[in-house]
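Residue numbers (the numbering used here), protein chains in the order written: chain A, 1 to 117; chain B, 1 to 111.
Okay, here's the thing in structure tokens:
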């Protein structure tokens with residue numbers, strides 16, 4: 001039973017299109033994330049939700065819009081796709097014990113490879 | 001701002017060689033530190049972690065010790081295998097929820 005699952009695994013689309021990537025976790029974690037990995041493997045955080053509340057919103061074009069219908073799901077919608085959006089997008093989840101800020105590590109999905117042509 | 005610096009790869013070793021991948025961090029307070037591994041075509045998997053100074057994280061023969069005085073968390077393994085070939089990422093927490101990742105170090109182990 002996959003802990004963090006993303007769909008689709010591959011997405012090839014034309015410039016200008018709108019697309020969505022879905023993510024679901026069954027770990028009971030309270031926080032979910034979107035990261036972008038470029039062709040050089042560099043990982044950059046985009047967004048994070050904690051209990052459906054947006055808590056991290058990095059400098060990302062507003063063509064990217066996250067949505068968290070509940071704490072087990074975090075989707076990413078991208079409008080007007082551009083060539084530079086081609087990358088691998090990873091969803092992750094974590095549980096942080098706020099009392100002592102104990103971090104147990106992120107659990108990552110297997111990624112969505114987006115290719116814009 | 002907070003940052004993580006890893007040695008550039010690729011690192012190429014023969015099977016059974018000793019591995020060290022250096023990682024240093026800049027962060028305020030007392031961050032937690034992690035090593036992640038990414039095999040081709042897969043997501044990142046947590047390899048080991050340490051949450052306070054002098055903690056040693058270990059898993060699958062890999063080890064790293066949280067050194068606050070040198071702000072380092074170097075990854076070591078005594079004898080690498082071909083199956084260890086992957087990209088390794090060092091990460092530290094930044095604030096309550098965010099992790100900062102290093103640029104990754106590709107390891108290639110030759111039989």
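Positions of the beta carbon are idealized from the N, C-alpha and C atoms, including for glycine. Being a predicted model, the structure only gives us computed values, none of them experimental.
- Taking the CA atoms as reference points, residue 106(B) sits about 34 Å from residue 18(A).
- A residue is called buried when at least 16 other Cβ atoms come within 10 angstroms of its Cβ; residue 43(A) meets this threshold and is buried.
- With a threshold of 16 other beta carbon atoms within 10 Å, residue 85(A) meets it and is buried.
- Note on residue 66(A): 16 or more other CB atoms within 10 angstroms of its CB, so buried under the neighbour-count rule.
- Rounded to the nearest whole angstrom, the C-alpha separation of residue 35(B) and residue 29(B) is 19 Å.
- Within the segment 56 to 70 of chain B, not one residue has a Cβ closer than 8 Å to any Cβ of chain A.
- Looking only at 7(A), 107(A), 112(A), 87(A), the smallest Cα-Cα distance to residue 40(A) is reached by 87(A).
- One finds 106 in chain A with Cβ atoms closer than 7 Å to the Cβ of residue 99(B), taken in chain order.
- Burial of residue 50(A) is indicated by the presence of at least 16 other C-beta atoms within 10 angstroms of its C-beta.
- By the Cβ test, the segment 8 to 22 of chain B is in contact with the segment 79 to 86 of chain B, since at least three Cβ pairs between them sit closer than 8 Å.
- With its beta carbon at least 9 Å from every one in chain A, residue 75(B) lies outside the interface.
- Between residue 73(B) and residue 33(B), the CB-CB gap stays under 9 Å.
- A direct Cα-Cα distance of roughly 8 Å separates residue 24(B) from residue 70(B).
- By the neighbour-count criterion, in which a residue is buried when 16 or more other Cβ atoms sit within 10 angstroms of its Cβ, residue 8(A) is exposed.
- Contact note: residue 32(B) reaches chain A through 103, using a C-beta cutoff of 7 Å and chain order.
- The three-state secondary structure of residue 83(B), taken from DSSP, is helix.
- For the segment 35 to 68 of chain A, the residues whose beta carbon sits under 7 Å from a beta carbon of chain B are, in order, 41, 42, 43, 45, 48, 50, 55, 56.
- Around the Cβ of residue 33(A), a 10 Å sphere holds 16 or more other Cβ atoms; the residue is buried.
- Remark: C-beta atoms of residue 63(B) and residue 44(B) do not approach each other more closely than 9 Å.
- By the criterion of a C-beta distance shorter than 8 Å, residue 106(A) is surrounded in its chain by 33, 92, 93, 94, once the five residues flanking it on both sides are discounted.
- A distance of 9 Å or more separates the beta carbons of residue 76(B) and residue 26(B).
- Annotation: the continuous beta strand (DSSP E) that includes residue 13(B) extends over 11 to 14.
- Cβ-Cβ separation between residue 76(A) and residue 15(A): approximately 18 Å, too far for a contact (criterion under 8 Å).
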